[in-house]
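Student: For reference, the structure I am asking about is given below.
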Amino acid sequence: MGPLVIGCLVIVAAGASVYAGYQAHDNEKNINQVKGLVIENSNMLKSIQADITYHTSLLKKGGGADLQGSVAEALKNIENDKVAEAQANLYKNWDASGESKDGHHMYGNPSARFTLINYSDLECPFCKRFHETPKYLVDSAKNGMVNWVWRHFPLSFHEPMASKAAMMGECVAQQKGSKGFWAFTEYWFTNSAGNGQGFAGSDKIPELFGLNKEQYESCLTDPVIIKKIKDDMQAGNVAGVTGTPATIVIDNETGKTETIVGAQPFAKFVQVIEGMAHPERAQAQETAPPAQK
Numbered sequence: 001m002g003p004l005v006i007g008c009l010v011i012v013a014a015g016a017s018v019y020a021g022y023q024a025h026d027n028e029k030n031i032n033q034v035k036g037l038v039i040e041n042s043n044m045l046k047s048i049q050a051d052i053t054y055h056t057s058l059l060k061k062g063g064g065a066d067l068q069g070s071v072a073e074a075l076k077n078i079e080n081d082k083v084a085e086a087q088a089n090l091y092k093n094w095d096a097s098g099e100s101k102d103g104h105h106m107y108g109n110p111s112a113r114f115t116l117i118n119y120s121d122l123e124c125p126f127c128k129r130f131h132e133t134p135k136y137l138v139d140s141a142k143n144g145m146v147n148w149v150w151r152h153f154p155l156s157f158h159e160p161m162a163s164k165a166a167m168m169g170e171c172v173a174q175q176k177g178s179k180g181f182w183a184f185t186e187y188w189f190t191n192s193a194g195n196g197q198g199f200a201g202s203d204k205i206p207e208l209f210g211l212n213k214e215q216y217e218s219c220l221t222d223p224v225i226i227k228k229i230k231d232d233m234q235a236g237n238v239a240g241v242t243g244t245p246a247t248i249v250i251d252n253e254t255g256k257t258e259t260i261v262g263a264q265p266f267a268k269f270v271q272v273i274e275g276m277a278h279p280e281r282a283q284a285q286e287t288a289p290p291a292q293k
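If you read the sequence shown in the UniProt record's numbering, its first letter stands for residue 1, the second for the next number, and so on.
Structure representation (structure tokens):
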């Protein structure tokens with residue numbers, strides 16, 4: 001039984017809660033994703049058909065004299081369409097992006113009751129496995145009650161690539177904002193081999209994300225960005241973080257916190273958040289008499 005089903009059992013037991021009705025949200029999300037893929041493929045097909053029609057007309061007018069040039073231009077247009085489509089796909093899942101009050105990248109409602117402070121390393125395989133969990137926790141929470149904040153925590157045994165990837169993400173964000181940063185994290189985790197290996201195509205990031213290349217390359221050695229990453233690491237050390245992923249769940253209403261270590265499943269976070277939202281239930285369970293055998 002997968003974590004989402006386990007999470008559903010937790011929800012049923014808890015009653016009306018932060019995650020009530022999340023399963024319906026998930027079904028709607030899946031339907032919308034399928035619709036989106038159909039539209040994307042349809043648009044791409046229309047674009048290719050338009051290119052073929054246009055260059056066929058040129059061939060008819062020119063009697064085929066400029067066949068090589070027409071074919072080259074058609075291929076170039078198709079490639080440009082692919083780049084545009086790839087850029088659109090990078091950003092499409094991150095509309096709820098923004099910044100926290102202290103300037104960190106945030107996904108979700110800034111006024112949410114619960115915040116997930118996630119210390120992560122872009123070269124960490126466990127972080128890669130975990131990355132979809134906090135996003136789903138935000139997307140499926142009732143009434144925008146959960147947000148997710150990223151903090152860098154590159155591990156020494158993944159260096160130098162872990163810090164380099166963190167710098168790249170911040171330099172994408174410098175031009176594309178937090179939405180660009182979150183899109184970068186998804187792209188990096190999808191493509192990197194992890195464990196400090198990175199991936200061969202990372203030099204194409206400026207082109208793929210539509211960046212000013214000169215500005216991007218200058219940013220990669222910016223002392224301000226370097227300090228930002230070091231400050232995140234220092235904050236993690238103070239909080240007792242020793243590995244990644246590590247997530248601090250904060251109840252912004254009560255000030256209570258709980259640290260969850262490792263790539264824990266969705267159900268674990270639901271349990272912690274629901275316990276904070278409804279402490280009386282947890283207390284009732286603790287004081288209940290043991291079941292008679």
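Virtual Cβ for every residue (Gly too), placed ideally from N, Cα, C. Predicted model, so just to flag it, every value in this text is computed and none were measured.
Can the beta-carbon of F266 be found closer than 8 Å to that of Y107?
Tutor: Against a cut-off of 8 Å, the Cβ pair of Y107 and F266 comes out as no contact.
Student: Can you name, in chain order, every residue of its own chain whose Cβ lies under 6 Å from the Cβ of S163, other than the five neighbours on each side?
Tutor: Excluding positions up to five away in sequence, the list reads P154.
Student: Suppose only complete runs of 4+ residues qualify. What are the alpha helix (DSSP H) ranges in the region 230-279, listed by chain order?
Tutor: Counting only runs of 4 or more, we get 266-277.
Student: Please determine, among A141, A96 and K101, the residue with the shortest C-alpha to C-alpha distance to A183.
Tutor: Selected option, being the one with the closest Cα: A96.
Student: S140 by DSSP, collapsed to three states: which one?
Tutor: Helix.
Student: Pair every Cβ in the region 252-272 with every Cβ in the region 201-218, then say whether three or more of these pairs are closer than 8 Å.
Tutor: No, they do not touch.
Student: Taking Cβ positions, are M161 and G196 nearer each other than 8 Å?
Tutor: Yes, the Cβ-Cβ distance between M161 and G196 is below 8 Å.
Student: Hey, quick one: how far does the beta strand (DSSP E) through T115 stretch, first residue to last?
Tutor: Note, T115: beta strand (DSSP E), F114 to S120.
Student: Looking at Y19: is its Cβ nearer than 8 Å to the Cβ of K176?
Tutor: Taking 8 Å as the Cβ cut-off, Y19 and K176 do not qualify as a contacting pair.
Student: Anyone know if the C-beta pair for F126 and A246 falls short of 8 Å?
Tutor: Cβ atoms of F126 and A246: not closer than 8 Å.
Student: Just mark T115 as buried or exposed, buried being the case when its beta carbon has 16 or more other beta carbons within 10 Å.
Tutor: Its Cβ being crowded by 16 or more others within 10 Å, T115 is buried.
Student: If you run the structure through DSSP and keep just helix, strand and coil, what is V149?
Tutor: Looking at V149 - three-state DSSP - the assignment turns out to be strand.
Student: Please go through the same chain and pick out, in chain order, the residues whose beta-carbon is closer than 7 Å to the beta-carbon of E253, but skip the five residues on each side of it.
Tutor: The residues are R113.
Student: Using the Cα positions of R129 and P279, report the straight-line distance between them to the nearest angstrom.
Tutor: Near 30 Å, if we compare the C-alpha coordinates of P279 and R129.
Student: Would the beta-carbon of R151 fall within 8 Å of that of D251?
Tutor: Going by C-beta atoms, R151 is not nearer than 8 Å to D251.
Student: Output the boundary residues of the alpha helix (DSSP H) element that contains Y187.
Tutor: Per DSSP, Y187 belongs to the alpha helix (DSSP H) from M161 to N191.
Student: With the cut-off set at 8 Å, would you say A173 and H105 are in Cβ contact?
Tutor: Going by C-beta atoms, A173 is nearer than 8 Å to H105.
Student: Taking 6 Å as the limit between beta carbons, can you name the residues of its chain near H25, skipping five residues before and five after?
Tutor: Here H25 scores only 49 on pLDDT, less than 50, and its place in the model is too uncertain to base an answer on.
Student: Can you tell me whether DSSP reads H105 as helix, strand or coil?
Tutor: Here H105 sits in strand by DSSP.
Student: Determine the burial state of I273: buried for a count of at least 16 other Cβ atoms within 10 Å of its Cβ, exposed for fewer.
Tutor: Under this definition I273 is a buried residue.
Student: Roughly how far, in whole angstroms, is the beta-carbon of H131 from the beta-carbon of F181, given that I think they are within contact range, below 8 Å?
Tutor: Contact doesn't hold; Cβ gap of about 13 Å is too wide.
Student: How far does the beta strand (DSSP E) with S97 in it reach, from first residue to last?
Tutor: Here the beta strand (DSSP E) through S97 covers S97 to E99.
Student: Considering Q215, what are the terminal residues of the alpha helix (DSSP H) in which it resides?
Tutor: From DSSP, the alpha helix (DSSP H) with Q215 extends over K213 to C219.
Student: Who are the near neighbours of S218 in its chain, counting only those whose CB is closer than 7 Å to its CB and skipping five residues on each side?
Tutor: None.
Student: May I ask you to report which of helix, strand or coil DSSP gives P154?
Tutor: In the structure shown, P154 sits in coil (DSSP, three-state: anything other than H, G, I, E or B).
Student: Taking the alpha carbon of A166 as the reference point, which residue from V249, V146, W148 and Y187 has its own alpha carbon closest?
Tutor: Of the listed residues, the one whose Cα sits closest to A166 is Y187.
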